[in-house]
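Counting from 1, one number per residue, gives the positions in the sequence shown under the working numbering.
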Amino acid sequence: MIQEIPDKICIMLVDDDTSILQTTTVILEEEGYDVLTCGGGKEAIDKFNDSVFGVILDINMPDMSGLDVFEILKSKNQYIPIIFHTGYDEREKRIDIRKHFRPHAYVVKGSDPEQLLDTVAGAVESYKNIVENVKLNETLKERNKLIEEFNHSLEDKVKKQVEEIQRTSRLKRYVSPQIAESIISNGSDKYLINARKLLTICFADLKGFTEASESMEPEDTINLLNEYFTEMTKIIF
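Below you can see the structure in the form of structure tokens.
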């Protein structure tokens, strides 16, 4: 189906009678329509396209019945309004056709041209509304799709944040908050992974350390231990 409504509406006119084609074309063009003329059913099927906003269709044509053309065009575009323009004036015939094919309208040839123009105008207006509704539905579907994608993305972010909070909370049960935050921010679990490694244990005793540390400032005690372990590390390794 066409996506945009043009400034000038195209009407397809299908009739094997050349004089009908000519006179009806003039009437429609004077009303401001573009007219796509077809001399038979097969030509109409070949020429039918998305620019057509309505079809005026003869029923009795030598190459193909207008009723068959109706069904084929409807299979191409179920919304296209089709007006039967025929010489059949029998009431029962018209009722039967309306019942089985449900055209937009049924206009008898030779009737007042204004009747045909009013019918065409109504068909075009109806189709315009359908086109606008289809466009609106497509827009809504696209917006709903974007909203759904955004919601999924938001759910994923929230899930990751919750998992990170839970993970940090578990870490803080065993290590200091600073170390836990450092592990989370670095994204590394290498300190938490179970693994067997070679461990060297050094037992050392500093003579007089207990008595000396009682009279030392904490900073001095730490500095002394750092100096001691630095030298011991050089000896061991």
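C-beta atoms are modelled at their ideal positions from N, C-alpha and C, and glycine is treated no differently. Quick caveat, the model's predicted, so the values are computed rather than measured.
Straight-line gap, residue i to residue j (C-alpha atoms, nearest Å)
i    : j    : result
D96  : E71  : 15 angstroms
S111 : E4   : 33 angstroms
V69  : L140 : 34 angstroms
K160 : K74  : 52 angstroms
N223 : E211 : 17 angstroms
N60  : G66  : 6 angstroms
T221 : K234 : 20 angstroms
I201 : E214 : 26 angstroms
L206 : E181 : 36 angstroms
L29  : R91  : Reading off the sequence shown, one finds Glu at residue 29, where the question assumed Leu. Distance between the alpha carbons of E29 and R91 is about 30 angstroms.
R143 : F150 : 10 angstroms
K93  : V134 : 34 angstroms
S169 : P177 : 9 angstroms
L18  : N137 : Here residue 18 is Thr; the residue named in the question, Leu, does not match the sequence. Those two C-alpha atoms are separated by around 41 angstroms.
E219 : F229 : 15 angstroms
K109 : D63  : 20 angstroms
D46  : V35  : 16 angstroms
E164 : E231 : 41 angstroms
P6   : D118 : 20 angstroms
H85  : E155 : 59 angstroms
G87  : L146 : 53 angstroms
G208 : E227 : 16 angstroms
E148 : Q166 : 27 angstroms
T23  : E132 : 32 angstroms
C10  : Q115 : 19 angstroms
M216 : S185 : 37 angstroms
K8   : K99  : 32 angstroms
Bridge partner(s) assigned by DSSP for residue i
i    : result
Y106 : F84
I56  : L13 and I83
V240 : Past the boundaries of the shown model lies residue 240; the chain is included only from 1 to 237, so the question cannot be answered.
Supposed contact pair residue j and residue i - C-beta distance, whole angstroms, cut 8 angstroms
i   : j   : result
I27 : P81 : No, I27 and P81 are not in contact; Cβ-Cβ is about 18 angstroms, not under 8 angstroms.
T37 : L57 : That pair is no contact at about 12 angstroms.
K76 : F48 : 6 angstroms
I83 : V52 : So it is not a contact: roughly 12 angstroms between Cβ atoms.
Y79 : Y33 : Not quite, the Cβ-Cβ distance comes to about 19 angstroms (not below 8 angstroms), so this is no contact.
Three CB pairs or more closer than 8 angstroms across the region 7-16 and the region 34-44: yes
Three CB pairs or more closer than 8 angstroms across the region 117-126 and the region 101-109: At 8 angstroms Cβ cutoff, the stretches touch.
Every unbroken beta strand (DSSP E) within the region 101-162, with a cutoff of 3 residues, ordered by chain: 105-108
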